[in-house]
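Shown next, in structure tokens, is the structure this report addresses.
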Amino acid sequence: MERPFRLERQRLKEKDVVAACLDLLAVRRWCCKRQQSGLVRTPDGRWMRLGEVGLPDYYVLHELFPGFYLEVKGPGCRLSKAQVDKIRELQIAYGLAICVVDSARDLRVWLDQHEHRFRQLKGESHAPIAPRTRVT
Numbered sequence: 026m027e028r029p030f031r032l033e034r035q036r037l038k039e040k041d042v043v044a045a046c047l048d049l050l051a052v053r054r055w056c057c058k059r060q061q062s063g064l065v066r067t068p069d070g071r072w073m074r075l076g077e078v079g080l081p082d083y084y085v086l087h088e089l090f091p092g093f094y095l096e097v098k099g100p101g102c103r104l105s106k107a108q109v110d111k112i113r114e115l116q117i118a119y120g121l122a123i124c125v126v127d128s129a130r131d132l133r134v135w136l137d138q139h140e141h142r143f144r145q146l147k148g149e150s151h152a153p154i155a156p157r158t159r160v161t
């Protein structure tokens with residue numbers, strides 16, 4: 026007996042969330058750089074670790090607002106113990122802002138708060154940032 030045709034809800038993967046987050050950051054003029062980390066095999070067969078274990082996926086910079094680290098997880102995924110420990114170290118030892126999200130919507134909310142907090146410190150209004158004009 027054949028199963029009747031049914032549309033199944035498409036599940037987002039981490040790469041889908043990453044793409045949406047990078048698009049959002051680009052639209053809002055944030056510069057996003059990937060932190061490479063992982064094991065690689067050398068030509069002589071040995072394994073070598075690149076980067077630090079637990080370091081967030083991206084560092085994100087803007088000309089007007091303080092930068093931050095960004096860790097993107099797939100929907101419903103959790104941080105590893107190494108990631109929790111590294112994030113705690115970066116926050117406590119250096120006072121760095123770190124954003125952990127599993128959706129572009131969560132990132133938008135976090136960015137709104139991050140930018141608003143800085144505007145309040147600077148005494149600026151909540152008006153959107155005007156695009157830069159090039160002077161030649």
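To get this note's numbering, take the position in the sequence shown, counting from 1, and add 25. Using N, Cα and C, we set each Cβ at its ideal position, and we do this for glycine too.
As summarised for the stretch 33-104, the continuous beta strand (DSSP E) elements at least 3 residues long and confined to that stretch are 56-59, 63-66, 72-75, 83-86 and 93-97, given in chain order. Counting of Cβ neighbours within 10 angstroms places Gly79 among the buried residues, the total reaching 16 or more. For Cys56, the CB contacts under 6 Å within the same chain, skipping 5 residues up- and downstream, are Leu86 in chain order. According to DSSP, Val126 shares a beta bridge with Val97. In the three-state scheme derived from DSSP, where H, G and I count as helix and E and B as strand, Leu146 is classed as helix. Glu27 carries a coil assignment under DSSP once its states are collapsed to helix, strand and coil.
In the displayed model, Leu121 falls within coil according to three-state DSSP, outside both helix and strand. At the C-beta level, Cys124 and Glu96 come within 9 Å of one another. Nearest to Leu49 by alpha-carbon distance, out of Gln35, Ala129, Phe143 and Glu114, is Ala129. Take Trp135, set aside five residues on each side of it, and the residues of its chain with a beta-carbon closer than 6 Å to its own are Cys124, in chain order.
The Cβ atoms of Arg59 and Asp41 do not sit closer than 9 Å to each other. Take the alpha-carbon of Val52 and the one of Arg133: they are about 11 Å apart. Relative to Pro91, the option among Ile112, Gln138, Arg34 and Lys38 whose CA is nearest is Gln138.
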